[in-house]
Amino acid sequence: MSEVGSLSNGVNPVLLIAVPLGLAFAIPLFALFWKGAAKYIPPAALAFNLVVSVLLLPQVLENPVIVSIGGWQPPFCINLVAGPVGVLFSAIIALVGLLVSIYALDYIKEGPTEKYHMLYLLLLTGATGVVLTGDIFNLFVFFEILCISSYALVAYLRDKAGIESAVKYLIQGAVGSSLLLIGIGLLYGQFGTLNMADIAEKIASASPISLFVPMVLLITGLGVEAAIFPLNAWLPDAHSSAPSSISAILSGIAIEVGLYAVARVIFTIFGASNILLFLALLGILTLLIGEICAFSQSNIKRMLAYSSIGQIGLILFALAIATSYGVTGGLFQLVSHTLAKALLFLAAGYMIYQTGSLQISALEGMGKKMPLTCLAFTIGAFSLVGLPPFIGFPSKFLVVRAALATKETIFIVFIGLALLGTVIEGAYFFRVVQALYFKGEKVNPGRKEAPIAALIPMFIFVVLIVIVGIYPKLVTDVLNSAASEFLSRTEYIKAVLGSIL
Amino acid sequence: MSFLNSYIYYIGAFGLIFIGLYIILVKHNLIKVIVGLGILDTGVNLFLISVGYITKGTAPIFSRPGIDSEHMVDPVPQALVLTAIVIGVAVLALALSLAIRLYQHYGTLNLRRIKEQRW
């Protein structure tokens with residue numbers, strides 16, 4: 108295969124997809140000989156992905172690395188575009204996936220565990236493929252790998268709630284994928300190409316009417332996975348019935364990757380600016396509905412799932428502002444939500460395991476019984492609400508600043524509603540924190556902390572949340588480059604198609 | 005009549021898509037919904053293949069010496085449909101195995117009654 112763009116340290120982005128994919132299929136083979144081997148392979152594969160992503164990152168901030176598969180040239184080949192956005196997302200997927208797979212070493216004990224680990228690695232391979240690809244049908248294929256693995260993983264516990272949630276998720280997700288495929292077919296029929304950069308180049312010559320139907324179909328199809336209102340009916344059931352490590356991955360990675368795909372379609376392929384206001388409205392609606400529904404929940408995982416819906420609404424709103432501040436703020440909010448929500452689900456997993464109940468009222472007094480886990484939960488909750496010195500504060504601040512900088516009344520109204528949503532969010536999270544620390548019997552029960560394999564990932568999440576919260580400059584350079592990749596279509600087109608000259 | 009002649013494949017494909025969507029949205033029985041999902045997939049695949057059809061074109065294989073690429077249909081949608089058929093089969097297989105488990109838990113396949121997850 109031929110690579111264009113300097114690969115000065117020789118790392119090929121194809122490895123980011125090929126290695127986890129190969130290891131995922133090797134897991135059942137290893138499990139034939141030694142049953143316990145299956146749970147160590149995902150951490151190994153994801154550690155490799157994390158190292159490769161971090162090595163690629165300084166290089167792609169200047170020039171994206173385009174990898175053309177099969178020796179053909181773009182636009183006839185399937186190509187990977189490892190730009191700032193792709194490698195940033197790939198690094199986040201690898202980091203969160205690695206930490207949750209370490210958590211799963213002790214958390215997943217019953218059932219066909221080797222199938223869990225294989226599906227887990229396939230889910231993350233699909234996610235990495237979605238963010239790195241430059242071809243729209245390849246996006247569909249990796250998107251399906253991500254979705255189908257998540258349908259099966261939601262049903263992993265095979266209990267009543269899990270199976271029911273998985274069936275509903277599957278039906279809605281499959282309809283969404285079919286709509287996505289119809290949209291891709293319409294785009295191909297009109298432009299004769301599947302390469303994202305090529306379609307982007309040819310879009311200028313097409314009439315806006317003929318682009319409307321494919322765009323709506325693509326946004327609807329991808330929006331089911333991205334959990335945009337009104338397509339998010341599956342999310343509360345699926346995220347609350349899955350095992351907690353899978354809830355962390357679904358809330359932290361799967362819906363964010365869906366939102367990345369929506370952003371890629373809107374910004375890079377269509378370059379659509381007239382639909383942005385509608386998307387901002389949808390974002391605020393999603394935010395308000397998510398936060399209000401979360402406030403009335405008594406089941407903690409369902410509360411966290413509705414909170415995910417709310418945060419996705421906020422990220423969509425920030426991306427729809429479409430200025431440099433807006434997209435940077437949206438991406439920063441995405442990173443902060445991923446870290447905080449994964450931490451919340453991981454902590455909640457062991458708290459539920461100790462009490463045996465999903466109700467918030469059962470968590471009273473856990474602050475004394477599991478001090479470290481509850482501290483991690485509290486830090487995740489404060490970060491999500493947006494308190495300093497955690498990562499949620501600079502990210503929310505950037506979003507608010509972006510909305511105010513547009514100087515349009517509608518965005519100022521929207522950001523006012525978003526801050527109202529934040530107040531509601533603070534209310535229900537503080538209710539949980541109050542139950543953890545300030546309620547429950549006064550008698551001191553024995554300490555029964557989560558195992559060490561769970562404490563290490565939670566500790567690393569806490570450290571990341573605090574460090575990036577205090578020094579946001581650590582990530583803002585990468586986020587700024589990523590935002591400019593989304594906003595400057597012509598640079599993207601030139602990078603991919605110009606490479607054949 | 006000529007309109008029907010040139011667009012019959014698209015009419016058929018979208019007809020299947022709408023039938024599939026109707027079944028998924030309206031029917032109560034889970035097996036019927038899964039059948040509707042299958043019909044939806046078939047409709048989408050038929051649509052994709054029709055996009056690639058060129059009038060009086062033949063299969064895109066260099067099967068005899070005189071053939072040239074101007075008289076072939078577009079091979080790219082055929083590759084897309086092969087992939088899409090396989091994805092559809094995998095989703096249907098997963099849906100049916102989930103339906104078996106669901107029946108074991110609830111004793112019914114009526115989606116109106118399988119609503120334990122509420123607000």
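Going down the list, the protein sequences come from chains A and B. Sequence positions in the first sequence follow this note's numbering and run 108 to 608. Sequence positions in the second sequence follow this note's numbering and run 5 to 123. Backbone N, C-alpha and C fix where the C-beta goes; we use that ideal spot for every residue, glycine too. Note that the structure is predicted; figures quoted are calculated from it, not measured.
TODO: Please compile the residues from chain A whose C-beta is within a distance smaller than 9 Å of the C-beta of Leu-100 of chain B.
DONE: Locating residue 100 of chain B in the second sequence gives position 96, where the first residue counts as 1. Residues of chain A whose Cβ lies closer than 9 Å to the Cβ of Leu-100 of chain B do not exist; the shortest such Cβ separation is about 11 Å.
Task: Rounded straight-line distance, which links the Cα of Cys-184 of chain A to that of Gly-178 of chain A - done: For the purposes of this step, residue 178 of chain A is taken as the residue at position 71 of the first sequence. For the purposes of this step, residue 184 of chain A is taken as the residue at position 77 of the first sequence. Approximately 8 Å, taken between the alpha carbons.
Task: Contacts of Ala-259 of chain A in chain B (Cβ-Cβ under 7 Å) - done: Here residue 259 of chain A is taken as the residue at index 152 of the first sequence, counted from 1. The contacting residues are Leu-98.
Task: Cross-strand partners of Gln-466 of chain A (DSSP beta bridge) - done: For this step, residue 466 of chain A is matched to residue 359 along the first sequence. DSSP output for Gln-466 of chain A lists A:Asn-406 as bridge partner(s).
Task: With 16 other Cβ atoms within 10 Å as the buried cut-off, status of Ile-12 of chain B - done: Counting from one through the second sequence, the residue named residue 12 of chain B turns up at place 8. A residue is called buried once 16 or more other Cβ atoms fall within 10 Å of its Cβ, and Ile-12 of chain B, having fewer, is exposed.
Task: Residue from A:Phe-439, A:Ile-252, A:Val-540 and A:Leu-505 with nearest C-alpha to Ile-199 of chain A - done: Residue mapping note: residue 199 of chain A aligns to position 92 of the first sequence, counting from 1. Checking every option, the nearest Cα to that of Ile-199 of chain A belongs to A:Phe-439.
- [ ] Kindly indicate which three-state DSSP category Ala-189 of chain A falls into: helix, strand or coil?
- [x] Here the question's residue 189 of chain A lines up with position 82 in the first sequence. The answer is strand: DSSP assigns Ala-189 of chain A an E or B state.
Task: Candidates A:Gly-436, A:Gln-461, A:Ser-595 and A:Leu-450: closest to Ser-380 of chain A by CA position - done: Numbered from its first residue, the first sequence carries residue 380 of chain A at position 273. When the alpha-carbon of Ser-380 of chain A is set against those of A:Gly-436, A:Gln-461, A:Ser-595 and A:Leu-450, the nearest one is in A:Ser-595.
Task: Buried or exposed by the 16-neighbour rule on C-beta atoms within 10 Å, applied to Ala-590 of chain A - done: Locating residue 590 of chain A in the first sequence gives position 483, counting from the first residue. Under the 10 Å beta carbon count, Ala-590 of chain A is surrounded by 16 or more other beta carbons and is classified as buried.
Open item on the list: For Tyr-258 of chain A and Leu-277 of chain A, which I take to be in contact (beta-carbon distance under 8 Å), what is that distance rounded to the nearest angstrom?
Closed with: Counted from its first residue, the first sequence places residue 258 of chain A at position 151. Counted from its first residue, the first sequence places residue 277 of chain A at position 170. Taking the Cβ atoms as the reference, Tyr-258 of chain A lies roughly 5 Å from Leu-277 of chain A, within the contact range of under 8 Å.
- [ ] Examine the Cβ distances between the region 313 to 322 of chain A and the region 233 to 253 of chain A and report whether three or more of them are shorter than 8 Å.
- [x] These segments do not touch.
- [ ] Find the residues of chain A that neighbour Thr-87 of chain B, judging by a C-beta separation of less than 7 Å, and give them in chain order.
- [x] Taking the second sequence and counting its residues from 1, the one referred to as residue 87 of chain B is at position 83. Neighbours of Thr-87 of chain B across chain A, judged by C-beta separation under 7 Å: Val-248.
Task: Rounded C-alpha distance that separates Tyr-544 of chain A from Asp-305 of chain A - done: Taking the first residue of the first sequence as position 1, residue 544 of chain A is located at position 437. Taking the first residue of the first sequence as position 1, residue 305 of chain A is located at position 198. So the two alpha carbons sit approximately 57 Å from each other.
Open item on the list: Does chain B have any CB closer than 8 Å to the CB of Met-108 of chain A?
Closed with: Mapped onto the first sequence, residue 108 of chain A falls at position 1. Reliability fails at Met-108 of chain A, whose pLDDT of 39 lies under 50, so the model's placement of it is uncertain and the value that follows must be treated cautiously. Answer no: the Cβ-Cβ gap between Met-108 of chain A and chain B never drops below 8 Å.
Task: Beta-bridge pairing of Asn-114 of chain B - partner residues as DSSP gives them - done: Translated into the one-based positions of the second sequence, residue 114 of chain B becomes position 110. Among the bridge pairs identified by DSSP, Asn-114 of chain B is matched with B:Asn-33.
TODO: Could you tell me which of B:Ile-65, B:Ala-17 and B:Pro-81 sits nearest to Tyr-295 of chain A, measuring between CA atoms?
DONE: Within the first sequence, numbered from 1, the residue matching residue 295 of chain A stands at position 188. Ranking the options by Cα distance to Tyr-295 of chain A, first place goes to B:Pro-81.
Task: Assigned exposure category for Gln-404 of chain A - 16 Cβ within 10 Å defines buried - done: Counting from one through the first sequence, the residue named residue 404 of chain A turns up at place 297. Taking all protein chains in view, the Cβ of Gln-404 of chain A is crowded by 16 or more other Cβ atoms within 10 Å, so the residue is classified as buried.
Open item on the list: Would Leu-153 of chain A and Leu-231 of chain A be called neighbours here (beta carbons separated by less than 8 Å)?
Closed with: Along the first sequence, read from residue 1 onward, the residue named residue 153 of chain A stands at position 46. Along the first sequence, read from residue 1 onward, the residue named residue 231 of chain A stands at position 124. Contact: yes.
- [ ] Tell me whether Thr-240 of chain A sits in a helix, a strand or coil according to DSSP, three-state version.
- [x] As a working mapping, residue 240 of chain A is identified with position 133 in the first sequence. It is a strand residue.
Open item on the list: Measuring only the C-alpha atoms, how far is Asp-266 of chain A from Pro-191 of chain A?
Closed with: Taking the first sequence and counting its residues from 1, the one referred to as residue 266 of chain A is at position 159. Taking the first sequence and counting its residues from 1, the one referred to as residue 191 of chain A is at position 84. Going from the Cα of Asp-266 of chain A to the Cα of Pro-191 of chain A covers about 41 Å.
Task: Under the three-state DSSP convention, the category Ile-382 of chain A falls into - done: In the first sequence, counting from the first residue as 1, residue 382 of chain A sits at position 275. Correct three-state label for Ile-382 of chain A: coil.
- [ ] Say whether chain A places a C-beta atom closer than 8 Å to the C-beta of Ile-58 of chain B.
- [x] Working through the second sequence from its first residue, we reach residue 58 of chain B at position 54. Using beta-carbon distances, Ile-58 of chain B does not count as an interface residue toward chain A, since no partner is under 8 Å.
Task: Per-residue DSSP class, three states only, for Asn-587 of chain A - done: Working through the first sequence from its first residue, we reach residue 587 of chain A at position 480. In the structure shown, Asn-587 of chain A sits in a helix (DSSP, three-state: H, G or I).
Open item on the list: Quick test of your reading: Thr-576 of chain A and Thr-529 of chain A, contact by CB under 8 Å. State the CB separation rounded to the nearest angstrom.
Closed with: Within the first sequence, residue 576 of chain A is the residue found at index 469, counting from 1. Within the first sequence, residue 529 of chain A is the residue found at index 422, counting from 1. A quick correction: the sequence has Gly, not Thr, at residue 576 of chain A. About 16 Å; that fails the 8 Å criterion.
Task: Nearest-angstrom beta carbon gap, Ile-360 of chain A and His-224 of chain A [assumed within contact, 8 Å] - done: Counting from one through the first sequence, the residue named residue 224 of chain A turns up at place 117. Counting from one through the first sequence, the residue named residue 360 of chain A turns up at place 253. The C-beta distance from His-224 of chain A to Ile-360 of chain A rounds to 16 Å, too long to meet the 8 Å contact threshold.
Task: Under 9 Å (Cβ pairs) to chain B, residues found in the region 391 to 421 of chain A - done: Listed in chain order, the positions of the region 391 to 421 of chain A with a beta carbon within less than 9 Å of a beta carbon of chain B are Cys-400, Ser-403, Gln-404 and Arg-409.
- [ ] Just the C-alpha distance for Ile-416 of chain A and Leu-389 of chain A, rounded to the nearest angstrom, thanks.
- [x] The residue labelled residue 416 of chain A in the question sits at position 309 within the first sequence. The residue labelled residue 389 of chain A in the question sits at position 282 within the first sequence. Between Ile-416 of chain A and Leu-389 of chain A, the C-alpha separation is close to 12 Å.
Task: Neighbour list for Ser-285 of chain A in chain B, Cβ cutoff strictly below 7 Å - done: In the first sequence, residue 285 of chain A corresponds to position 178, counting from 1. Listed along chain B are Leu-44, Asp-45 and Val-48, each with a C-beta nearer than 7 Å to that of Ser-285 of chain A.
Open item on the list: Just verifying my parser: in three-state terms, what is the DSSP assignment at Val-118 of chain A?
Closed with: As a working note, residue 118 of chain A is residue 11 in the first sequence. Secondary structure of Val-118 of chain A (DSSP, three-state): coil.
Task: Closer than 8 Å to chain B by CB, Glu-221 of chain A - done: Walking along the first sequence from the start, residue 221 of chain A turns up at place 114. With respect to chain B, the C-beta atom of Glu-221 of chain A has no partner C-beta closer than 8 Å.
TODO: State the Cα-Cα distance for the pair Leu-195 of chain A and Leu-202 of chain A, rounded to the nearest angstrom.
DONE: The count along the first sequence starts at 1 and reaches residue 195 of chain A at position 88. The count along the first sequence starts at 1 and reaches residue 202 of chain A at position 95. A straight line joining the alpha-carbon of Leu-195 of chain A with that of Leu-202 of chain A spans about 11 Å.
- [ ] Find the residues of chain A that neighbour Leu-34 of chain B, judging by a C-beta separation of less than 8 Å, and give them in chain order.
- [x] As a first step, residue 34 of chain B is located in the second sequence; it is residue number 30 there, counting from the start. In chain order: Val-274.
TODO: Please report how far the alpha carbon of Tyr-14 of chain B lies from the alpha carbon of Ser-54 of chain B, in whole angstroms.
DONE: Residue 14 of chain B sits at position 10 when you count from the first residue of the second sequence. Residue 54 of chain B sits at position 50 when you count from the first residue of the second sequence. About 7 Å.
Open item on the list: With a threshold of 6 Å on Cβ separation, who are the neighbours of Ala-334 of chain A within its own chain once the five nearest residues in sequence on each side are excluded?
Closed with: Counted from its first residue, the first sequence places residue 334 of chain A at position 227. Only Leu-342, Ile-362, Ile-416 and Ile-419 meet the Cβ criterion.
Task: Under the three-state DSSP convention, the category Ile-173 of chain A falls into - done: Locating residue 173 of chain A in the first sequence gives position 66, counting from the first residue. Residue state, collapsed to three classes: strand.
Open item on the list: For a quick check, are the C-beta atoms of Leu-157 of chain A and Val-118 of chain A less than 8 Å apart?
Closed with: Your numbering for residue 157 of chain A matches position 50 in the first sequence. Your numbering for residue 118 of chain A matches position 11 in the first sequence. Going by C-beta atoms, Leu-157 of chain A is not nearer than 8 Å to Val-118 of chain A.
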